[in-house]
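Asker:
There are 2 protein chains.
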Amino acid sequence: MLKQVILIRKDLELSKGKLAAQACHASLKTYRKSKKKNPKETNDWIDQGGKKIILWVKKKKKIEREIPKKIPKTSIKDAGYTELEPGTLTALGIGPWEEEELDKYTGDLETVK
Amino acid sequence: MLKQVILIRKDLELSKGKLAAQACHASLKTYRKSKKKNPKETNDWIDQGGKKIILWVKKKKKIEREIPKKIPKTSIKDAGYTELEPGTLTALGIGPWEEEELDKYTGDLETVK
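The listed protein sequences correspond, in order, to chains A and B.
Numbering follows this note's numbering, with no gaps: position 45 of the first sequence is 114.
Numbering follows this note's numbering, with no gaps: position 67 of the second sequence is 136.
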């Protein structure tokens with residue numbers, strides 16, 4: 070099973086809507102990168118229902134994970150129009166990638182409830 | 070300015086993470102439809118920063134809006150693995166489309182904070 074994971078900084082205390090918008094930016098940006106790099110796997114993921122999991126990271130340092138280069142990832146910086154300072158790193162999108170391998174790098178993280 | 074709007078059902082009282090995941094599904098699905106239908110506008114939207122706004126609709130009936138056919142939209146039904154009954158309509162993605170015209174159809178809705 071393929072999935073995409075989205076890491077969100079918990080320390081920023083984003084509102085519900087802001088968090089959702091940052092997650093959408095990360096999901097779409099990483100999809101577009103993945104689609105170029107791994108078109109077949111990306112289409113397979115869509116066909117499987119496009120599973121997406123939202124996870125907390127405690128602070129900025131924790132979002133900068135050691136993830137193998139073969140796995141597509143993109144980071145999101147906020148434009149700073151509303152709640153945050155311009156250029157604040159808010160989210161990281163990873164995948165789609167095989168769930169089992171992805172869990173090696175993000176399995177320690179808490180799900181956003 | 071082009072933007073995408075994502076309508077979320079307030080009556081379902083989704084958790085923060087569930088709401089973000091449904092918004093991501095709606096954003097990506099509507100992007101993919103729009104990319105096929107209006108490739109130029111969709112790329113322009115990405116180049117402009119891919120503005121996304123998350124809005125509440127009070128209940129299911131309110132999510133079924135009269136929106137002109139030319140504007141791409143897709144609805145999201147939940148698979149029902151976690152918080153919801155399978156097949157529950159959770160979200161509607163609309164656009165990207167010109168902000169001014171889009172606001173005619175969704176300008177009455179409250180932003181998700």
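Glycine residues also receive a C-beta, built at the ideal position from the N, C-alpha and C atoms.
For a quick check, are the C-beta atoms of L124/B and L88/B less than 9 Å apart?
Answerer: Numbered from its first residue, the second sequence carries residue 124/B at position 55. Numbered from its first residue, the second sequence carries residue 88/B at position 19. Contact: no.
Asker: Report the neighbours of K76/B on chain A: residues whose CB is nearer than 8 Å to its CB, in chain order.
Answerer: Start at 1 with the first residue of the second sequence, and residue 76/B comes out as number 7. At residue 76/B the sequence reads Leu, which differs from the Lys that was named. Those do not exist, as L76/B stays about 12 Å from chain A at its closest Cβ, beyond 8 Å.
Asker: With 9 Å as the limit, tell me which residues of the segment 95-109 of chain A have their beta carbon closer than that to any beta carbon of chain B; keep them in chain order.
Answerer: Of all residues in the segment 95-109 of chain A, A95, S96, L97, K98, Y100, R101 have a Cβ within less than 9 Å of some Cβ in chain B.
Asker: Given a threshold of 16 other Cβ atoms within 10 Å of its Cβ, counted over all protein chains shown, does N112/A qualify as buried or as exposed?
Answerer: As a first step, residue 112/A is located in the first sequence; it is residue number 43 there, counting from the start. Burial call: exposed.
Asker: Looking at the secondary structure, which residues open and close the beta strand (DSSP E) in which I123/B lies?
Answerer: To locate residue 123/B, count along the second sequence from 1; it is residue 54. Start and end: 121-126.
Asker: On the criterion of 16 or more Cβ atoms from any shown chain inside 10 Å, does G176/B qualify as buried, or is it exposed?
Answerer: By 1-based counting over the second sequence, the position of residue 176/B is 107. When all chains shown are included, G176/B counts as exposed.
Asker: So if DSSP puts I167/B in a beta bridge, which residue, or which two residues, is it bridged to?
Answerer: The sequence position of residue 167/B within the second sequence is 98, counting from 1. According to the sequence provided, residue 167/B is Glu. The question's Ile does not apply to it. Looking at the DSSP assignment, E167/B forms a beta bridge with L71/B.
Asker: Check this for me: beta carbons of I144/A and L153/A, under 9 Å apart or not?
Answerer: Taking the first residue of the first sequence as position 1, residue 144/A is located at position 75. Taking the first residue of the first sequence as position 1, residue 153/A is located at position 84. In the sequence under discussion, the amino acid at residue 144/A is Ser, which differs from the Ile named in the question. In this structure, L153/A does not lie closer than 9 Å to S144/A by Cβ.
Asker: Sort K131/A, W114/A, G156/A by Cα distance to E168/A and report the nearest one.
Answerer: On the first sequence, residue 168/A is found 99 positions in, with the first residue counted as 1. Minimum Cα distance to E168/A is reached at W114/A.
Asker: Does K128/B come within less than 9 Å of chain A when only Cβ atoms are used?
Answerer: One-based indexing of the second sequence puts residue 128/B at position 59. For K128/B, the answer is no, since every Cβ of chain A falls outside 9 Å of its Cβ.
Asker: Quick one: Cα of A160/A to Cα of H94/A, how far?
Answerer: As a position in the first sequence, residue 160/A is number 91, starting the count at 1. As a position in the first sequence, residue 94/A is number 25, starting the count at 1. So the alpha carbons of these two residues sit roughly 9 Å apart.
Asker: Cβ of A142/A within 9 Å of Cβ of R78/A?
Answerer: Your numbering for residue 142/A matches position 73 in the first sequence. Your numbering for residue 78/A matches position 9 in the first sequence. Looking at the sequence itself, residue 142/A is Lys, so the reference to Ala does not match. No, the pair does not count as a contact, with Cβ atoms beyond the cut-off.
Asker: Return helix, strand or coil for S46/B, following the three-state DSSP convention.
Answerer: Summary: the structure shown does not reach residue 46/B, with chain B confined to residues 70 through 182, and so no result is reported for it.
Asker: Check whether chain A comes within 9 Å of T180/B, counting only Cβ atoms and requiring the distance to be less than that.
Answerer: Taking the first residue of the second sequence as position 1, residue 180/B is located at position 111. At least one chain A Cβ lies under 9 Å of T180/B.
Asker: Give a yes or no on whether the minimum CB-CB distance between K184/A and chain B is below 9 Å.
Answerer: As displayed, chain A neither begins before 70 nor continues past 182, which places residue 184/A out of reach and without an answer.
Asker: Give a yes or no on whether the C-beta atoms belonging to K146/A and G119/B are separated by under 9 Å.
Answerer: For the purposes of this step, residue 146/A is identified with residue 77 of the first sequence, where counting begins at 1. For the purposes of this step, residue 119/B is identified with residue 50 of the second sequence, where counting begins at 1. For K146/A and G119/B, no; Cβs fall outside 9 Å.
Asker: What are the start and end residues of the beta strand (DSSP E) that includes E143/A?
Answerer: The residue you call residue 143/A lines up with position 74 of the first sequence. According to the sequence displayed, residue 143/A carries Thr and not Glu. It spans 142-146 - the beta strand (DSSP E) in which T143/A sits, taken as one unbroken run.
Asker: Pick helix, strand or coil for G156/A, following the three-state DSSP scheme.
Answerer: Counting from one through the first sequence, the residue named residue 156/A turns up at place 87. It is coil, neither helix nor strand.
Asker: Please classify A148/A as buried or exposed, where buried requires at least 16 other C-beta atoms within 10 Å of its C-beta.
Answerer: The residue given as residue 148/A occupies position 79 in the first sequence. The residue in question, A148/A, is exposed, as its Cβ has fewer than 16 Cβ neighbours within 10 Å.
Asker: So with CB distances below 8 Å, who are the chain B contacts of G149/A?
Answerer: Working through the first sequence from its first residue, we reach residue 149/A at position 80. Result: empty, since nearest Cβ-Cβ is about 12 Å, beyond 8 Å.
Asker: Spatial neighbours of W166/B within its chain, please: CB distance less than 7 Å, with the 5 preceding and 5 following residues excluded, ordered by chain position.
Answerer: To locate residue 166/B, count along the second sequence from 1; it is residue 97. Closer than 7 Å at Cβ, skipping near neighbours: L71, I140.
Asker: Let me confirm a value: Q91/B is counted as buried when at least 16 other C-beta atoms fall within 10 Å, else exposed. Which label applies?
Answerer: Within the second sequence, residue 91/B is the residue found at index 22, counting from 1. By the neighbour-count rule (16 or more Cβ atoms within 10 Å), Q91/B is buried.
Asker: Determine the direct distance from the alpha carbon of D80/B to that of D116/B, and round the result to whole angstroms.
Answerer: For the purposes of this step, residue 116/B is taken as the residue at position 47 of the second sequence. For the purposes of this step, residue 80/B is taken as the residue at position 11 of the second sequence. Computed Cα separation, rounded: 34 Å.
Asker: Taking the alpha helix (DSSP H) that E110/A falls in, what are its first and last residues?
Answerer: Here residue 110/A refers to the residue found at position 41 when the first sequence is read from its first residue. Per DSSP, E110/A belongs to the alpha helix (DSSP H) from 108-116.
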